[in-house]
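Notes follow the structure.
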Amino acid sequence: MYIEGVFILIDKILRSLVQPIINKIIIVPLRKLKNLPKVIAKALQTGIKKFIDTKPSSIKDYFKIGSYYVSKRFIVLIVLIILFLTFCGVKFLPRVFTDKPAILYQKAKEQLKHTGKAKVYNENNILVYEGELADGLYNGTGSQYSEKGVLVYRGQFEKGLMNGSGTLYNLNQTIKYQGGFLGGVYNGYGKLFDDKGKPVYYGEFSSGAYSGQGKEFLLTENAKKEQIKYEGQFNNGIYNGQGKLYDQNNNMIYQGEFSNAAFSGQGTLYFPDGKIKYEGEFNNGNYHGQGKLYDEKGVLLYQGQFENATYSGQGKLYHPGGKIKYDGQFGNGVYNGQGKLYDEKGVLFYQGEFANGDYCGLGKLCDNKGMLYYQGQFENGDYAGSGKIFDRNNQVVCEGTFEGGYLNGEGTEYYPDGNVKYRGVFLAGKYGGEGVLFNPDGSVQCQGTFENGLFTGTAADAGDTTGDTTGGAEAGAEAGTGSQAPALQTGTAEKEPVPEKTEQTPGSM
Numbered sequence: 001m002y003i004e005g006v007f008i009l010i011d012k013i014l015r016s017l018v019q020p021i022i023n024k025i026i027i028v029p030l031r032k033l034k035n036l037p038k039v040i041a042k043a044l045q046t047g048i049k050k051f052i053d054t055k056p057s058s059i060k061d062y063f064k065i066g067s068y069y070v071s072k073r074f075i076v077l078i079v080l081i082i083l084f085l086t087f088c089g090v091k092f093l094p095r096v097f098t099d100k101p102a103i104l105y106q107k108a109k110e111q112l113k114h115t116g117k118a119k120v121y122n123e124n125n126i127l128v129y130e131g132e133l134a135d136g137l138y139n140g141t142g143s144q145y146s147e148k149g150v151l152v153y154r155g156q157f158e159k160g161l162m163n164g165s166g167t168l169y170n171l172n173q174t175i176k177y178q179g180g181f182l183g184g185v186y187n188g189y190g191k192l193f194d195d196k197g198k199p200v201y202y203g204e205f206s207s208g209a210y211s212g213q214g215k216e217f218l219l220t221e222n223a224k225k226e227q228i229k230y231e232g233q234f235n236n237g238i239y240n241g242q243g244k245l246y247d248q249n250n251n252m253i254y255q256g257e258f259s260n261a262a263f264s265g266q267g268t269l270y271f272p273d274g275k276i277k278y279e280g281e282f283n284n285g286n287y288h289g290q291g292k293l294y295d296e297k298g299v300l301l302y303q304g305q306f307e308n309a310t311y312s313g314q315g316k317l318y319h320p321g322g323k324i325k326y327d328g329q330f331g332n333g334v335y336n337g338q339g340k341l342y343d344e345k346g347v348l349f350y351q352g353e354f355a356n357g358d359y360c361g362l363g364k365l366c367d368n369k370g371m372l373y374y375q376g377q378f379e380n381g382d383y384a385g386s387g388k389i390f391d392r393n394n395q396v397v398c399e400g401t402f403e404g405g406y407l408n409g410e411g412t413e414y415y416p417d418g419n420v421k422y423r424g425v426f427l428a429g430k431y432g433g434e435g436v437l438f439n440p441d442g443s444v445q446c447q448g449t450f451e452n453g454l455f456t457g458t459a460a461d462a463g464d465t466t467g468d469t470t471g472g473a474e475a476g477a478e479a480g481t482g483s484q485a486p487a488l489q490t491g492t493a494e495k496e497p498v499p500e501k502t503e504q505t506p507g508s509m
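Take 1 as the starting number for the sequence shown in UniProt numbering and just add one per residue.
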């Protein structure tokens, strides 16, 4: 009985000593285990607590070891402690006994060697770091302060550098950056702010620069909160790839592809009211390739090829009313090459070659009803070279060599029935030089020298001279100066400014 009483006393003493330890190293950690289902954790907790609190009631609750009796409950507790230390102690015991951080003082250029939690003070006794260390380097979760004790960064570290998730602060303690870090610079998704707390950029970073998908915000005084300036893809801090650009009134300016911060590739440019201004291909900020240009009312102005913001290549130009004005080739913003020119009613009045916006080369000029008026060669918009003038019945009025819009040189004038009226030399659209004037029946009226449309030869050279001897070609030539297209549009596309490259926030990259 004496021995049993001794064991009961020992059991009580051990229970009073062991139970707090068990509560701290088993019960409390079990509560914190997140990987185990709550039901299992609670059941284990309840079972262990009940086992510890139950007092021995008979000799069966003891093991006999030699001449001694040892409580079965005591043996089980020892086994549980051994099992816990074997499987969990390495992880949990350091936390139990090392919660209190070490206090370290670091001299200038001194390399610390401590591993574990610590508070690091500089030579002025100002806290510069609080958190985990590994071989003296910031490693794990911690807070870094300036030499004056102002919070600079709070988050994860690795080998002394900001690495992982963290928050960087301005001197006024507003958040400067919040997000991912790698090797001490912004990396991954993050949010960048100015010193007033206004957002500068939300999105992906790489090596400290905007790279990937992101949003850049407008920072003007009148800008609304989180008013977007650009939304899309970035590369090395500049617009690159698909994106949308907005003005200070939150109106979309451009939507499409960017390259090195300039419109490049397929895209759409907008007027402030949202109407389309241009849609098509861009290069280095200019219209380049196939595209369509509209006015502020949404009326199509031009459709075709562009080069460096000007009409170049095959295209169509339209009148304000929507009817086609010109269909053909352009060069450097003006008609150049083969093309067709129409009036505002859609009537074709010129078809042929152009150079620098003028009729030049072979072409056909028509009147306001679309009837052929002149066919032949042009130069600088005037009849020049071999050509023919027609009447309303499509009969040839005159033909020959033209210069400056008039018959000038050898030519022939006809009667309405097709018979020759005059054959010879013309000067400025009038008979001028050697020629023959015929009567309507084909007989020679006079032959010899003409001047300013009048026969100047002798009476012996003239037959019946009662007919009109003035050069009828004058009437046909006066409309042949090319002036029927007095206002050829230059076709120059308004060049859009190249977007500025995004500015990097100092110290952020």
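Quick reminder that beta carbons are idealized off the backbone N, C-alpha and C, glycines included.
query                                                                                                                                                                   : result
Please report how far the alpha carbon of G294 lies from the alpha carbon of L218, in whole angstroms.                                                                  : Position check: residue 294 holds Tyr in this sequence, whereas Gly was assumed. Roughly 28 Å separates the two Cα atoms.
A309 and Y287: beta carbons closer than 7 Å?                                                                                                                            : yes
Over what stretch of residues does the beta strand (DSSP E) that includes G180 continue unbroken?                                                                       : I175 to L182
Who are the near neighbours of N163 in its chain, counting only those whose CB is closer than 8 Å to its CB and skipping five residues on each side?                    : Q156, F157, F181, L182, G183 and G184
Roughly how many angstroms separate the alpha carbons of P440 and G405, rounded to a whole number?                                                                      : 27 Å
Measure the C-alpha to C-alpha separation of D135 and S71 and round it to an integer number of angstroms.                                                               : 46 Å
If you draw a straight line from the C-alpha of E132 to the C-alpha of N139, how long is it?                                                                            : 6 Å
Out of E110, N452, A209 and L127, point me to the one whose CA is closest to Y239's CA.                                                                                 : A209
Quick check: what's the CA-CA separation for T141 versus R154?                                                                                                          : 8 Å
For E307 and D327, what's the separation of their Cα atoms in angstroms?                                                                                                : 17 Å
For A108, count neighbouring Cβ atoms within 10 angstroms of its own Cβ and tell me buried if that reaches 16, exposed if not.                                          : exposed
Could you round the C-beta distance between G361 and Q377 to whole angstroms and report it? I think they count as a contact, below 8 Å.                                 : 7 Å
Based on the DSSP output, what are the partners of P320 in its beta bridges?                                                                                            : Per DSSP, none; premise fails for P320.
Exposed or buried, L365, counting other C-beta atoms within 10 Å across all chains shown (16 or more means buried)?                                                     : buried
Look at Q242 and G232 and say whether their C-beta atoms are less than 7 Å apart.                                                                                       : yes
So, are the CB atoms of G289 and A262 less than 7 Å apart?                                                                                                              : no
To which residues of the same chain is Y177 closer than 8 Å at the C-beta, ignoring the five residues directly before and after it?                                     : T167, L168, Y186, G190, K191, L192, F193 and S508
Out of E130, I126, E123 and K323, point me to the one whose CA is closest to G116's CA.                                                                                 : E130
Roughly how many angstroms separate the alpha carbons of A428 and G331, rounded to a whole number?                                                                      : 33 Å
Quick check on this structure: which residue in T456, G333, H319 and I324 has the alpha carbon closest to the alpha carbon of Q305?                                     : G333
Classify Y302: buried if its beta carbon has 16 or more other beta carbons within 10 angstroms, exposed otherwise.                                                      : buried
According to DSSP, simplified to helix, strand and coil, what is Y129?                                                                                                  : strand
Excluding the five sequence neighbours on either side, which residues of its own chain have a C-beta within less than 8 Å of the C-beta of K148, listed in chain order? : I126
Do N419 and G442 have their C-beta atoms within less than 7 Å of each other?                                                                                            : yes
What do you get for S58, buried or exposed, if any count of 16 or more other CB atoms within 10 angstroms of its CB means buried?                                       : exposed
If you measure between the beta carbons of G322 and Q329, is that distance less than 7 Å?                                                                               : no
Once DSSP output is grouped into helix, strand and coil, what is the label at L171?                                                                                     : coil
If we call anything under 7 Å between Cβ atoms a contact, is A384 one with E399?                                                                                        : no
Look at D358 and G337 and say whether their C-beta atoms are less than 7 Å apart.                                                                                       : no
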